[in-house]
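K.L.:
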Amino acid sequence: MEVKRAKITAVGHYLPEERLTNHDLEKMVDTNDEWIRTRTGIEERRVMKDPDKATAFMGSEAAKELLDQRGINASEIDLIILATVTPDYMFPATACLVQKEIGATNAFAFDLSAACSGFLYALSTGAMYIESGRAQKVLVIGTDKMSSIMDFTDRTTCILFGDGAGAVLLEESDDGTGIIDQKHYTEGDTNCSLYQPGGGSRNPATKETVENGLHHLKQDGKAVFKKATMGMADVSLEIMKRNDLDPDDVAWLVPHQANLRIIDATARRMGLSSEKVMINIDKYGNTTAATIPLCLYDWKDKLNHGDNIVLAAFGGGFTWGAIYLTWGINNE
Ligand code: UT7
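Just so you know, we're using my numbering here: the sequence shown kicks off at 0 and counts up by one.
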């Protein structure tokens, strides 16, 4: 079978309007703006306040913007892959809700769970459907309503996360640009350094699990920080080396936005100066599966056709990885 190349042909996004600033959090938990800025780089994050709107809504809005931008009808989509850790329901998949909402009548749709690496895993999976010729238009969405699993009395986690969604369209490349290489890792974290203990089959929801807050995200920040710093930097360097990329060759690093210190360490290891690094953690915090497509959206007008771009992420699981692509959208 002839191997094709997949490229990103459109980008969409959605962010709730409501802002939760560090100063707002000072009134909720024992924290302060200075601590949050210096330890994480975050200044504010977005929060979906409307209880009737959740992960599927945000993903659908991002998809609608993307379809509009590309000028195609939802019925042309063959496949929807949606990365999230905050699905609307345990089942059915949130991707199915998005499929209905946007009218993607010819698409099959599934969720992919890889925490903060979810978007990268989904992008690689989607690319393979294009490369094999089994799909022509694949919608890849990263969407998370992290506020729905936050414990707003736990200062070690509630300051970190935000809500949002980003989406990209993958199509066959006609000009050689697109997804060139990907490397992903998994290391089962039996210590549960980053997880949501309750609500699954291990601890089904009961009065006790709710009283004990098991439905909230728990994190051993230090343990995750150590693994994330090493994992993201190592895999980013690995993908550069195996594609013979020097720092001068790389136009942009698009890092998962979990902590500015992790991002800086990754850029340093790659030998990149800070102006080549997409950073919007100050505005949105960690939106889990949405961080990377939200960066691509924010920077899309600055990207040039053919730019060498490295995407990198680390997340719960543990999961991590990097993708090397060349930008395929013409800005003119
Ligand atoms: O996206 C998925 C992957 N996730 C990540 O990559 C997150 C990785 N972890 C981190 O980003 C960092 O570990 C945190 C930002 C979560 C924490 O930063 P840290 O530099 O590792 O701080 P720490 O946990 O060592 O805490 C230092 C001190 C502690 O006080 P003591 O024990 O030294 O007295 C904490 O209790 O800071 C305290 N602290 C806070 N103080 C003010 C913890 N959270 C806060 C807070 N405000 N919000």
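Using N, Cα and C, we set each Cβ at its ideal position, and we do this for glycine too.
Predicted model only: the values in this text are computed from it and were never measured.
1. For chain B, check one thing: does any of its Cβ atoms lie closer than 8 Å to the Cβ of I140?
2. Closest by CA to H183, which one among W319, V46 and H22?
3. Is the CB-CB distance between A9 and G117 below 8 Å?
4. Pick from A113, D306, D67 and R44: whose alpha carbon is nearest that of P86?
5. Take R69 and list the residues in its own chain whose beta-carbon comes closer than 7 Å to its own, dropping the five residues that flank it on each side.
6. Are there any heavy atoms of the ligand UT7 lying less than 7 Å away from the beta-carbon of G220, as far as the coordinates show?
7. Which term fits N285, buried or exposed, when burial requires 16 or more other beta carbons within 10 angstroms of its beta carbon?
8. Compare the Cα-Cα distances from E75 to each of C95, M47 and T104 and report the closest residue.
9. If I measure Cβ to Cβ from T54 and keep anything under 7 Å in the same chain, skipping five residues before and after, which residues do I get?
10. Roughly how many whole angstroms lie between the Cα atoms of I179 and N31?
11. Could you pull the DSSP bridge partners for Y13 from this structure?
12. If you follow the beta strand (DSSP E) that P254 is in, where does it begin and where does it stop?
13. Which of helix, strand or coil does DSSP assign to H22?
14. When you compare only the Cα positions, how much space is there between M231 and G175?
P.N.:
In short:
1. Included in the structure is just one protein chain, with no chain B present.
2. Considering only alpha carbons, the answer is W319.
3. G117 sits away from A9, with the two beta carbons spaced by 8 Å or more.
4. A113
5. If we look at R69 and ignore the five residues flanking it on each side, its Cβ neighbours are T8, A9 and L168.
6. yes
7. Burial call: buried.
8. For the residues C95, M47 and T104, the minimum Cα distance to E75 belongs to T104.
9. T83, T85, P86, D87, T93, T142, D143 and K144
10. 43 Å
11. Residue pairing by DSSP places Y13 opposite A164 in a beta bridge.
12. It spans W251 to P254 - the beta strand (DSSP E) in which P254 sits, taken as one unbroken run.
13. helix
14. Near 27 Å, if we compare the C-alpha coordinates of G175 and M231.
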